[in-house]
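**Student:**
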Amino acid sequence: MDTGKITAQGAHGGDILSMARRLGCAVSDLVDLSSNLTPLGMPPGLREALCERLHEISFLPETDSETLVGIFARKYGCTSQQVLAGNGTTEFIYAVPNSVSCRRALIVAPTYADYQPASNWAGLDTAFFNLRPDEDFALDYNRLSASLTGGELVFLCNPNNPTGRVVPSRELLEFILAHPASEFLVDESYLPFVNEPSLAGLPLPANLFLLCSSSKIYGIPGLRLGFLVANEEKMARFAARRKPWGVNRMAQVAGEFLLEHGDGYVQSVREFLAKTQPEFVARLNALPGVRVIPGAANFILCRLNGLMTAARLREAMLEQRIMIRDCSNFIGLDGHYFRVSLQAPDRNERCLAALAASLEEKA
């Protein structure tokens, strides 16, 4: 385990607006492979649904997103009392550590950066359970189990960002049930990209908080919409301390539309990834000095061998107006890791060509 520190500020990919200002170009000039959004763009019908109900911003949104929560609960087979809608999953990442009686946080790393500052701000002692590079960052349940003493809040991202590794939901549920003295926060932000059931549709253990995101799979991070799922007793205590109107009206409208009409779109994304990812990964692996870490998500973690660093490669790619994610600020990764997300075929081709040129030039 490790106790390294990182702040949330500057720890994310996908800041395309700031990058366009820095480079003095239009957003449309940039190809953003640093964020992990759907490669298929906005789901059909969503823009029209938002436009049709735009007038609804002239009155308050539902206080607790009652309609949206009800649709989510019916879709996943849980109860409305087990679900909260929020201003993105980030709201809950920062709220949950303040709601538990744990003494410390244990973060399975490398992973999403915000888990650490959220734990620190809640006054928890924070440690890292580092996945091993020589095991391609696979989760070792036995080793993790030996690290649990009880009284900790364990952060797990499934599929994990940035490694793309996924563990079967039922295996994860069994592990959580086997460790009732520990609390678990499981982040399923990227689960819709893979063919794996959500824990929201399975019996909810008393020691589980579950995060479900709309941002990544539907490509709407600017609307800020996420869900927290937990058993009714836990959620009642948590909900009692929440402010009203936590979700804006347009996010509520979008969420209702997507939960009711988005399944076909999600399936299209999965089919696109199944068709596109194998060749893209093979061609990445064939680039000189690049090794792909095996994963199943819509993004791909790579390691550079030799003298080239991810920071140098990122700057070289920016010269060609392509954004990749330098992963050197992830706890558990060194300066040779970078991440790219799958995009439309023409963008994937442009990325591969630019990577090849940058690696040859900077070698």
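Each residue of the sequence shown is one higher than the one before, starting from 210 at the first, in the numbering used here.
Every residue, glycine too, gets a C-beta built ideally from N, C-alpha and C.
Quantities reported herein were computed from a predicted structural model and do not represent experimental measurements.
Using a Cβ-Cβ cutoff of less than 6 angstroms, which residues in the same chain neighbour residue 334 once the five nearest sequence positions on both sides are dropped?
**Tutor:** Hits under 6 angstroms: 313.
**Student:** Assuming residue 411 and residue 378 form a contact by the criterion Cβ under 8 angstroms, report the distance between their Cβ atoms to the nearest whole angstrom.
**Tutor:** Their Cβ separation, rounded to whole angstroms, is 7 angstroms, which keeps residue 411 and residue 378 in contact under 8 angstroms.
**Student:** Put residue 374 into one of helix, strand or coil per three-state DSSP.
**Tutor:** Residue 374 falls in the coil class under three-state DSSP.
**Student:** Give the straight-line distance between the Cα atoms of residue 218 and residue 500, rounded to the nearest whole angstrom.
**Tutor:** Only weak support exists for where residue 218 lies, its pLDDT of 37 falling under 50; the coordinates are left without a value.
**Student:** What did DSSP end up calling residue 346 once you bin it into helix, strand or coil?
**Tutor:** If DSSP states are grouped into helix, strand and coil, residue 346 belongs with coil.
**Student:** Would residue 357 and residue 388 be called neighbours here (beta carbons separated by less than 8 angstroms)?
**Tutor:** For residue 357 and residue 388, yes; Cβs fall inside 8 angstroms.
**Student:** Three Cβ pairs or more, each shorter than 8 angstroms: is that satisfied between the region 396-407 and the region 460-479?
**Tutor:** In short, these stretches touch, since the Cβ pair count reaches three.
**Student:** Okay, do the region 431-441 and the region 544-556 touch, 3+ Cβ pairs below 8 angstroms being the bar?
**Tutor:** Judged by Cβ distances under 8 angstroms, the region 431-441 makes no contact with the region 544-556, as fewer than three pairs qualify.
**Student:** Just the Cα atoms here: how many angstroms apart are residue 216 and residue 326?
**Tutor:** With a pLDDT of 40 at residue 216, under the threshold of 50, the predicted position of this residue should be treated as unreliable, though the coordinate-derived value follows. Cα to Cα, the separation comes out at about 6 angstroms.
**Student:** Does DSSP put residue 471 in a helix, a strand or coil?
**Tutor:** If DSSP states are grouped into helix, strand and coil, residue 471 belongs with coil.
**Student:** Do residue 253 and residue 551 have their C-beta atoms within less than 8 angstroms of each other?
**Tutor:** No.
**Student:** Whole angstroms are fine: how far does the CA of residue 241 sit from the CA of residue 251?
**Tutor:** Approximately 15 angstroms, taken between the alpha carbons.
**Student:** Report, in whole angstroms, the separation of the C-beta atoms of residue 232 and residue 527, which I expect to be a contact under 8 angstroms.
**Tutor:** Residue 232 to residue 527, Cβ: 7 angstroms. Contact.
**Student:** Classify residue 343: buried if its beta carbon has 16 or more other beta carbons within 10 angstroms, exposed otherwise.
**Tutor:** Residue 343 is exposed by the Cβ-count criterion.
**Student:** Could you tell me which uninterrupted alpha helix (DSSP H) segments, each at least 4 residues in length, are contained entirely in the region 393-428, listed from first to last along the chain?
**Tutor:** Here the runs fully enclosed are 424-427.
**Student:** Which value, in whole angstroms, describes the spacing of the CA atoms of residue 225 and residue 286?
**Tutor:** Roughly 37 angstroms separates the two Cα atoms.
**Student:** For the putative contact between residue 462 and residue 262, defined by C-beta atoms under 8 angstroms, what is the C-beta separation to the nearest angstrom?
**Tutor:** Confirmed, about 5 angstroms.
**Student:** Let me know the secondary structure DSSP gives residue 361 once reduced to three states.
**Tutor:** Note: residue 361 maps to strand in three-state DSSP.
**Student:** Enumerate in chain order the residues of its own chain whose CB-to-CB distance from residue 446 is below 8 angstroms, with the five nearest sequence positions on each side excluded.
**Tutor:** Result list for residue 446: 308, in chain order.
**Student:** Assign residue 305 to buried or exposed, taking buried as 16 or more other Cβ atoms, counted over all protein chains shown, within 10 Å of its Cβ.
**Tutor:** Buried.
**Student:** Please confirm if the region 450-460 is in contact with the region 427-436, defined as three or more CB-CB distances below 8 angstroms between the two stretches.
**Tutor:** Yes, the region 450-460 is in contact with the region 427-436.
**Student:** Where does the unbroken alpha helix (DSSP H) through residue 307 begin, and where does it stop?
**Tutor:** First-last of the alpha helix (DSSP H) with residue 307: 298-308.
**Student:** Under 8 angstroms between the Cβ atoms of residue 316 and residue 338?
**Tutor:** Cβ atoms of residue 316 and residue 338: closer than 8 angstroms.
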